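Okay, so here's the structure we're looking at.
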Amino acid sequence: MITKIAITEDNFFLAKAVQEKLSFYDEFKIKFFAENGKDLIQKLEKDSNVDLILMDIEMPLMNGIQATEFVKNRYPQIKILILTVFDNDENIFNAIKAGADGYLLKEISPQKLQKSIIEVLEGGAAMSPSIAFKTLKLLRNPQAFENQKCEEEIRLSTREIEVLEQLSRGLNYNIIALNLFLSPSTIRKHIENIYTKLQVHNKLEAIEKAKINRII
Numbered sequence: 001m002i003t004k005i006a007i008t009e010d011n012f013f014l015a016k017a018v019q020e021k022l023s024f025y026d027e028f029k030i031k032f033f034a035e036n037g038k039d040l041i042q043k044l045e046k047d048s049n050v051d052l053i054l055m056d057i058e059m060p061l062m063n064g065i066q067a068t069e070f071v072k073n074r075y076p077q078i079k080i081l082i083l084t085v086f087d088n089d090e091n092i093f094n095a096i097k098a099g100a101d102g103y104l105l106k107e108i109s110p111q112k113l114q115k116s117i118i119e120v121l122e123g124g125a126a127m128s129p130s131i132a133f134k135t136l137k138l139l140r141n142p143q144a145f146e147n148q149k150c151e152e153e154i155r156l157s158t159r160e161i162e163v164l165e166q167l168s169r170g171l172n173y174n175i176i177a178l179n180l181f182l183s184p185s186t187i188r189k190h191i192e193n194i195y196t197k198l199q200v201h202n203k204l205e206a207i208e209k210a211k212i213n214r215i216i
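Residue 216 is where the sequence shown ends in full-length UniProt numbering, and the numbering goes up by one at each step.
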């Protein structure tokens, strides 16, 4: 029986490297390549006859975790194996939460990749050893992860805090730029960084979260 696989990877050379690893096994057929999560979803809408997706995490437009959640909701029968270089706790936690069936590192050998794919297709959960160890740690002490995540979210630079304080006073970008002797484009960049670190989408959310966490 042939297993139809989609590879979602924004780096052409890494995608080809994965294809090469799979080329050793006649039971695998590459159905298509996708450059990011949005590209993947568009291709699945045209033809969802796919058994398994090998999914990168860091991609433009829509990352692998967002794409995993979408695919699992729309096409729950498709298995998803994360294949990435990122092994930090937050990615592992979010990928599992999104519904990933396994989490592998890109350094994996062709033999182990083949074994992992079969394991997932048979209903198992495949993980690189270091990922399995981190997952156990997360399960044993989820509170430590939440505390760590919270600390990471609110670690703003002195300049970002200054910009946020100015924002909280209702000042616009140009006035803030004058007050801090910076250009408006630099202020915009600081605000983008603040939104990313606080995981918010607008000024009001940023100010509210900063006040709750006593940043300003």
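Heads up, the beta-carbon is just placed ideally off N, CA and C, and yes, glycines get one too. Values in this document were obtained by computation on a predicted structure and should not be read as measured data.
In three-state DSSP terms, what is A34? strand
If you scan the region 155 to 193 from start to end, which runs of the alpha helix (DSSP H) of 4 or more residues do you find wholly inside it? 158 to 168, 173 to 179
Consult DSSP for Y195 and reduce its assignment to one of helix, strand or coil. helix
What residue range is occupied by the uninterrupted beta strand (DSSP E) comprising L52? 52 to 55
Expressed to the nearest angstrom, what Euclidean distance is found between the alpha-carbon atoms of R155 and K209? 13 Å
Among the candidates R188, K203, L198, whose CA atom is the shortest distance from the CA of S168? K203
Return the residue from the list G64, L22, L182, Q77 that minimises the CA-CA distance to N94. G64
Beta bridge counterpart(s) of F28 as assigned by DSSP: T3
Spatial neighbours of E35 within its chain, please: C-beta separation below 6 Å, excluding the five flanking residues on both sides. D10
Which complete alpha helix (DSSP H) runs does the region 38 to 92 hold, if anything under 4 residues is left out? 64 to 74
Would you call V85 buried or exposed, if buried means 16 or more other Cβ atoms sit within 10 Å of its Cβ? exposed
Since I believe M55 is in contact with L14 (beta carbons under 8 Å), could you give me their beta-carbon distance rounded to a whole number of angstroms? 12 Å between Cβ atoms; not a contact.
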